[in-house]
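Just below is one structure, and these are the notes that go with it.
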Amino acid sequence: MGFDWTDKRVLVTGASSGIGAALAERLAASGAVVGLVARRERELAEVLERCRVHAPSSTSWAVDLADLDAVDVLARSVGDAFGPLDVLVNNAGMPNRKGVLDIDADMVERVMHLNYVSPVRLTLGLLPAMVERGSGLIVNVASVAATLSSPGEGAYDASKAALAVFSEAMAIDLWDTGVKVTTVYPGVVDTPLFAIPDNDPLPPDITPIPVDEFLEGLLAGIDEDRREIYVPAWFKDVVKHKVDDLDRFLAGSADYVRKNRD
Ligand SMILES: NC(=O)c1ccc[n+]([C@@H]2O[C@H](COP(=O)([O-])OP(=O)(O)OC[C@H]3O[C@@H](n4cnc5c(N)ncnc54)[C@H](OP(=O)(O)O)[C@@H]3O)[C@@H](O)[C@H]2O)c1
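Quick note on numbering that gives the first Met the number 0: the sequence shown kicks off at 0 and runs consecutively.
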């Protein structure tokens with residue numbers, strides 16, 4: 000089994016940096032025509048230039064995805080430029096490494112808005128054309144934070160959990176339409192996400208995996224036509240332990256936080 004990326008029209012949000020930029024370049028090199036979305040025009044232009052070496056009709060849209068009207072305009076513009084998409088990768092997102100005593104309701108709303116409401120809005124805008132054509136793949140980049148309730152980032156965890164659950168429900172609703180939905184759960188990946196200001200630092204004992212290693216896992220999961228992809232895969236075992244004994248899991252997590260703090 001394998002996913003043939005040749006001539007596939009793929010929209011990747013959050014393509015100016017980190018996972019999205021690396022994925023877009025990898026897919027262009029594999030034969031896809033890519034559409035790139037993010038806010039920063041210069042960074043987008045640099046990624047686009049590298050993609051166009053392989054896929055000259057690739058294009059980009061500089062859009063603030065927190066602006067829902069702009070998301071609607073984007074969906075129409077992508078349809079006009081690309082026709083029905085083959086693959087939508089909802090990857091753009093913001094971190095929020097702040098404990099519950101250091102956040103306020105506005106912050107929670109901002110995170111939920113960008114990490115959940117916006118990708119759902121974009122998906123709903125692009126989905127009808129996929130369904131009408133009877134094929135498509137929607138890849139939603141959640142996080143292990145969605146299923147492991149990572150300490151010190153509750154607002155982020157909840158936004159990714161919302162995206163993941165919506166994603167699973169959508170997979171079922173669309174089961175017989177030819178449009179597939181895959182939810183991705185990255186662990187800790189070495190990207191500029193951890194340099195974004197106003198976020199607590201990562202615990203010192205965590206070593207992020209390289210982006211290329213993450214992409215290997217992601218693309219292998221797509222090749223295998225998986226609906227759920229954990230990278231690294233062992234995180235799924237941690238989720239099973241959590242489900243088996245939540246009290247023990249929460250106590251262990253609190254102990255881990257205490258050791259890192261003291
Ligand atoms: N790195 C990890 O360990 C990790 C783990 C789990 C999940 N994830 C998820 O993976 C995805 C990619 O993250 P990354 O690690 O590659 O981080 P990154 O390098 O910071 O990339 C984030 C991307 O999202 C875009 N973005 C942020 N806010 C945006 C907005 N308002 N409008 C449009 N685009 C916006 C950024 O572009 P602009 O700034 O140019 O707009 C950038 O291209 C995120 O959803 C993240 O939550 C990452």
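Don't be surprised by glycine CBs; every beta carbon is placed ideally from N, CA and C. Please read all numbers here as calculations on a predicted model, not as lab measurements.
Asked, Found
"In its own chain, which residues sit with a C-beta less than 6 Å from the C-beta of PRO231, not counting the 5 before and 5 after it?", "GLY186"
"Using a Cβ-Cβ cut-off of 7 Å (strictly less than) and excluding sequence neighbours within five positions of PRO209, which residues of its own chain qualify?", "ASP189"
"Take ALA91 as the anchor and find which of THR58, ALA253 and LEU192 has the nearest alpha-carbon.", "LEU192"
"Helix, strand or coil for PRO191? Go by DSSP, reduced to three states.", "helix"
"From ALA54 to ASP175, what does the alpha carbon distance come to, in whole angstroms?", "32 Å"
"If contacts are defined as beta-carbon pairs under 8 Å, then ASP156 and ALA168 qualify, I think. What distance do you get, rounded to the angstrom?", "ASP156 to ALA168, Cβ: 19 Å. No contact."
"What did DSSP end up calling LEU214 once you bin it into helix, strand or coil?", "helix"
"If you drop the 5 nearest sequence neighbours on each side, which residues of the same chain put their C-beta closer than 8 Å to that of PRO94?", "GLU152, TYR155, LEU192, PHE193, ILE195 and ASN198"
"Let me check you understand the geometry: is the CB of GLY216 closer than 7 Å to at least one non-hydrogen atom of ligand 1?", "no"
"Which term fits TYR229, buried or exposed, when burial requires 16 or more other beta carbons within 10 angstroms of its beta carbon?", "buried"
"Hey, how far is the Cα of ASP254 from the Cα of LEU100?", "18 Å"
"Any chance the CB of VAL140 is under 7 Å from a heavy atom of ligand 1?", "yes"
"Do the stretch 0-7 and the stretch 67-78 meet, that is, are 3 or more Cβ pairs less than 8 Å apart?", "no"
"LYS159: buried (16+ other C-beta within 10 angstroms of its C-beta) or exposed?", "buried"
"Mapping DSSP to helix, strand and coil, what is LYS179?", "strand"
"In its own chain, which residues sit with a C-beta less than 6 Å from the C-beta of PHE87, not counting the 5 before and 5 after it?", "Residue identity check: residue 87 is Leu in the sequence provided, not Phe. These residues qualify, in order along the chain: LEU10, LEU125 and ILE137."
"Mapping DSSP to helix, strand and coil, what is VAL62?", "coil"
"Grab me the residues of ILE205's own chain with a C-beta within less than 8 Å of its C-beta, minus the 5 sequence neighbours each way, in chain order.", "VAL187"
"Considering only residues of the same chain and omitting the five flanking positions on each side of GLY30, which have a CB-CB separation below 6 Å?", "TRP4 and THR5"
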